Every structure is written in structure tokens, then in C-alpha cells.
Amino acid sequence: MRSHLLNGLTAEHYRRSVTEGVERVAAKLATTDRPFTGVTVDALSPAIDAIDLDRPLGDTTAVLDELEDVYLRDAVYFHHPRYLAHLNCPVVIPAVLAEAVLSAVNSSLDTWDQSAGGTLIERKLIDWTAARIGLGPAADGVFTSGGTQSNLQALLLAREEAKSESLAKLRIFASEVSHFSVKKSAKLLGLGPDAVVTVPVDHDKRMQTVALARELERCARDGLVPMAVVATAGTTDFGSIDPLPEIAGLCAQYGVWMHVDAAYGCGLLASLKYRDRIDGIERADSVTVDYHKSFFQPVSSSAVLVRDAATLRHATYHAEYLNPRRMVQERIPNQVDKSLQTTRRFDALKLWLTLRTMGADGIGQLFDEVCDLAREGWALLAADPRYDVVVEPSLSTLVFRYIPAAVTDPAEIDRANLYARKALFASGDAVVAGTKVAGRHYLKFTLLNPETKADDIAAVLDLIAGHAEQYLGESLDRAS
Numbered sequence: 014m015r016s017h018l019l020n021g022l023t024a025e026h027y028r029r030s031v032t033e034g035v036e037r038v039a040a041k042l043a044t045t046d047r048p049f050t051g052v053t054v055d056a057l058s059p060a061i062d063a064i065d066l067d068r069p070l071g072d073t074t075a076v077l078d079e080l081e082d083v084y085l086r087d088a089v090y091f092h093h094p095r096y097l098a099h100l101n102c103p104v105v106i107p108a109v110l111a112e113a114v115l116s117a118v119n120s121s122l123d124t125w126d127q128s129a130g131g132t133l134i135e136r137k138l139i140d141w142t143a144a145r146i147g148l149g150p151a152a153d154g155v156f157t158s159g160g161t162q163s164n165l166q167a168l169l170l171a172r173e174e175a176k177s178e179s180l181a182k183l184r185i186f187a188s189e190v191s192h193f194s195v196k197k198s199a200k201l202l203g204l205g206p207d208a209v210v211t212v213p214v215d216h217d218k219r220m221q222t223v224a225l226a227r228e229l230e231r232c233a234r235d236g237l238v239p240m241a242v243v244a245t246a247g248t249t250d251f252g253s254i255d256p257l258p259e260i261a262g263l264c265a266q267y268g269v270w271m272h273v274d275a276a277y278g279c280g281l282l283a284s285l286k287y288r289d290r291i292d293g294i295e296r297a298d299s300v301t302v303d304y305h306k307s308f309f310q311p312v313s314s315s316a317v318l319v320r321d322a323a324t325l326r327h328a329t330y331h332a333e334y335l336n337p338r339r340m341v342q343e344r345i346p347n348q349v350d351k352s353l354q355t356t357r358r359f360d361a362l363k364l365w366l367t368l369r370t371m372g373a374d375g376i377g378q379l380f381d382e383v384c385d386l387a388r389e390g391w392a393l394l395a396a397d398p399r400y401d402v403v404v405e406p407s408l409s410t411l412v413f414r415y416i417p418a419a420v421t422d423p424a425e426i427d428r429a430n431l432y433a434r435k436a437l438f439a440s441g442d443a444v445v446a447g448t449k450v451a452g453r454h455y456l457k458f459t460l461l462n463p464e465t466k467a468d469d470i471a472a473v474l475d476l477i478a479g480h481a482e483q484y485l486g487e488s489l490d491r492a493s
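Under my numbering, think of the first position of the sequence shown as 14, with each following residue one higher.
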């Protein structure tokens, strides 16, 4: 079994195995003609259930043949131009190369003596991102597993900085379309069930600052402690960007920690055209960025940034076997001192190779393309009498609803849209997402693939209408 351990004696075996795997994936990418096969849980489960994990195949080719049947054939391929659903991006080749490198070397980014250069590369990328945001010379941060962890850590720091003796008095303010991780974080942090105050949004799905000011004033009047305001730069459902300068002003006025969840909108940090849409982010106390959304990086690649590096001390614990306190005096950099995680992948290498190969402008150009595409998609929807589109896009998301000419019952229209999404997914011809707006079912395009064209959007809209019309026709037949 030692022949399977990666070391100097097995380097050639490693080369052959990885090459064979890469060739399989490359062949799939070159021949995949739709984002999904439409396979169902009931159809795929028996093949996986039948595999006896205690009886290995022993041969790489046989294992890859099996993998073809249980995964590669039926995977959802985000690189396909008609994958239009969630915040999943196609990935750039330098980052995929980095995945191969970091997996093989297997550095752990918790301590210097496990990562050395990896530690310095991650720190350099944190400094680069903080500079792009404009957080100032005292800024710092750390890579995380994703936006949920980044938001949790930011709110942990905010909780500690609030210095309240009563967790029950702490309040977090977030818009009604903010990410669910805000409420989840509040629960994990031991806050009360009323800790998150929901602030209404305007027609463009942006936090209403007048309402925020009213809630902050009420908080102070009621003897509660405003712990943090979470502004969103790119909401999951709409891509909307809260009015960051106005929110920053209110946070300064009331002495509240300002966190910006820019997990989606962080692509604007590299934008050549739309950077001004997140003006005000530089006034935040903490910022979440997800490179694996709008920087075209493989999952996972995220970070939390803070204006004041000293606040990261709230996540610091010292263990003699890992990061004893003496290492601080010896100026030995241990990233575990800043992180909620201990063992942690060298995910920063993906962004490093991307920037060193194609540069920030290359990333920004790709993100600008999908933002431009969303404008084209909005124009198509706005001109199409079959659809109601909710808001003009701030980033690359479109939320819309099929509206049949002959049906007026909102519940029946809901069912038609739900059916269309399900039928489209089952066909594998395209993948779209769904959400609710004012209690009604809507569909959603999240455009993160520069290879997607306006013609793809138009074609998928026709497919959706066709499925919805089929459902409504069958519904009328059943009713009669």
C-alpha cells in the first residue's frame, strides 16, 4: 500500500494518475453540451449504494471508469453557458493549476512551521485585498472557507468590541434581503432570538437608511446595544448593493461596527468600469469577500478583512504544542492566531497564481462582462410581455416571473413558474434558480459566465415559457 503514498519514490505514479484524471475531465469539458443530464436522485442512488467501499478496485483506470458513472457524467457543470442558477462561477485555469499544486504539497496554513512561504503569500494577498478596499495601513485579515464563516468571524469581533455585559441586549441590523448567515451567526454567537433587527429595503432592494436610522435610535432609546450593521454589497437574490456611504455615516454617528458582506460584489474591487458602485466600502470595520464567486476561483476561496488588525485578537488562542505565546515576541507569523480554523488549506495559492498569470485587470474584465450581460438580459426581460422583471441589475443577477396572458390567479402563476424551473432542470437544457418576492415565486438568473451570451438568455426564456405553457395547458385539461 505504500505505493499509493505521494513521495519521491512514487512521483512517476503520481504524474500518471493525475494526468489520467485531468484527461478525463478535459474530455468531459470539451464534449459537455448541456449543464446537466437531468438525472434524478432515484436513478443515481442505486449505483452509488451498490458500491462496496471495503472492496477497492486497486487500479486508477478502473476507479476513474466508475467515477464517470457515479459523478462525472451527471455533475452539474458550471462552465456551461446555460448554467444560470446560483453564485457558482466557471473557474480560471491558473487557479485550477494551483489546486493541483496545493493538494499535492498539502501545506497547512495554521503555523509557520507547516507552511513557510504559504504564510507569506496569504498575508501578501490579504494586504493586496485590503488595499483594494481602502481599509488603511492597520488592516489585516485571513482566508476562510466561505462567506458564512467570514460573516461569523466578523460578527464575533463586533460582539467582543461592543463590550456589553449582556448578550441579550446586543442588536445586529441587516436588510430584509441580507444573507441568511447573519441570523445563523447571531444564534451561534449566543445572541437572543430578537438579536437581528430586519431593516426594510427600497424598490431596488437596497437597505432603507431612513429606516436604519429609526431602528438605531429606537435601540438607543430602549437601552439596547447596537452591535453591528451588516451592509450587503451584492445580495444573493438580487445582486443589490446597499447605500454604503450613508450606512457608514450612521455607523459613525451611533458608534456601531460596520460590516460589509461583499461576498458577491467583491468582483467590483477588480472592475475596470464599475468600481464606484461600492464606494463607501473603505469605511467598513470588516469586509467579507468570496473570491470563489466573482474572482472566478474554485471553491473554497474567501477572506474576512478588518480595518484594525488588533481586533483579530478576539479569535486568538495559544496552545503550547502549536502557537505558544513566545512566538509572538519572536515575530514568527502564525495565521492560526487570526483564524477560527486550525488546520486550513492553502487556498490563497489559487488567487496568487491567478493574479501572477492574468492580473487583476483580467479578473475585472471578466466580471465586467457578466455585469454588462445582465444589462442586456434586463433589456430582454423588460421588453418581453411574458415576463415581469423585478429590478434593474446592480451586478449580474436577474429576478423575474413568467406571467401568462390568460391566467390571473397568482397561485396558479406560482405553480407554473415552479413547474417550469423543475422541468427545465429535469431536461438538463439549462439550470436556473428560484426565490420569493413579496410571497410569490420568481425565477432567477445569476450570470457569472462570460461565455454566456444574450442569445443564451433569450433561448432559456423561451424554454421557460414553453414549460410553463405546457403546465398551464395540462392544468386546464385537468380542470375541464
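Positions of the beta carbon are idealized from the N, C-alpha and C atoms, including for glycine.
Values in this document were obtained by computation on a predicted structure and should not be read as measured data.
With contact defined as three or more Cβ pairs closer than 8 Å, the stretch 292-299 and the stretch 325-344 are not in contact. If you draw a 10 Å sphere on the C-beta of Ala143, you find 16 or more other C-beta atoms in it, and that means buried. The alpha carbon of Glu228 has as its nearest neighbour, out of Val210, Asn462, Arg453, Asp55, the alpha carbon of Val210.
Within the stretch 232-291, the complete beta strand (DSSP E) segments at least 3 residues long are 238-245, 270-275, listed from N- to C-terminus. Here Leu168 really is in contact with Ile185; their C-beta atoms are around 7 Å apart, less than 8 Å. Ala233 and Thr222 have their alpha carbons spaced roughly 16 Å apart.
The beta carbon of Val76 lies closer than 6 Å to those of Leu70 in the same chain, with the five residues before and after it left out. In the same chain as Leu204, and ignoring 5 residues on each side of it, the C-beta atoms closer than 6 Å to its own belong to Leu180, Leu183, in chain order. When the five nearest sequence neighbours on each side are left out, the beta carbons in the same chain lying within less than 6 Å of the beta carbon of Ala226 are those of Leu263, in order along the chain.
Its Cα nearest to that of Ala418, the residue Asp397 stands out among Val412, Asp397, Pro103, Val31. Each of Ser313, Asp65, His327, Arg288 was checked against the Cα of Leu408, and the nearest Cα belongs to Arg288. Cβ atoms of Ser188 and Asn164 stay farther apart than 8 Å, at about 14 Å.
For Thr132 against Pro346, the beta-carbon gap comes to about 5 Å, under 8 Å, which counts as contact.
Judged by their CB atoms, Ala481 and Ala433 are nearer to each other than the 8 Å cut-off.
Excluding sequence positions up to five before and after Val118, its CB lies within less than 8 Å of the CB of Phe359, all in the same chain and listed in chain order. With a beta-carbon spacing of about 19 Å, Asp123 and Leu318 fall beyond the 8 Å limit used to define contacts. Within a 10 Å sphere around the beta-carbon of Thr367 sit 16 or more other beta-carbons, which makes this residue buried. DSSP places Asp153 within a strand segment (E or B) once states are collapsed to three.
Taking C-beta separations shorter than 6 Å and ignoring five residues to either side along the sequence, the partners of Pro107 in its chain run Leu366, Thr367, Thr370, following chain order. Membership of Ser352 in any beta strand (DSSP E) is not indicated, and neither H nor E is assigned to it by DSSP. For Gly447, the enclosing beta strand (DSSP E) covers residues 444-450.
By the Cβ rule, the stretch 235-243 does not count as touching the stretch 384-402, because fewer than three pairs are nearer than 8 Å. When DSSP states are grouped into helix, strand and coil, Ala187 belongs to the strand group. Using a Cβ distance threshold of 8 Å, Ala151 and Asp321 count as a contacting pair. With a cutoff of 8 Å on beta-carbon distance, Ile477 and Ala316 are scored as not near each other.
Sequence-distant Cβ neighbours of Leu362 in its own chain, meaning closer than 6 Å and more than five residues away, are Ala111, Leu115. The beta carbon of Thr161 is closer than 6 Å to those of Ser194 in its chain, skipping five residues each way along the sequence. When Cβ pairs closer than 8 Å are counted between the two stretches, the stretch 277-284 is seen not to touch the stretch 76-89, the count staying below three.
Secondary structure of Arg453 (DSSP, three-state): strand. Here the alpha carbons of Arg145 and Tyr277 stand approximately 15 Å from one another.
When beta bridges are read from the DSSP output, Met220 appears opposite Val214.
In the three-state DSSP reduction, Thr142 falls in the helix class (H, G or I). Contact check for Thr465 against Gly252 fails: the beta carbons are separated by 8 Å or more. Here Pro48 really is in contact with Tyr90; their C-beta atoms are around 5 Å apart, less than 8 Å. Separation of Pro103 and Glu343 (C-alpha to C-alpha, rounded to the nearest whole angstrom) is 42 Å.
For Thr459 against His99, the beta-carbon gap comes to about 6 Å, under 8 Å, which counts as contact.
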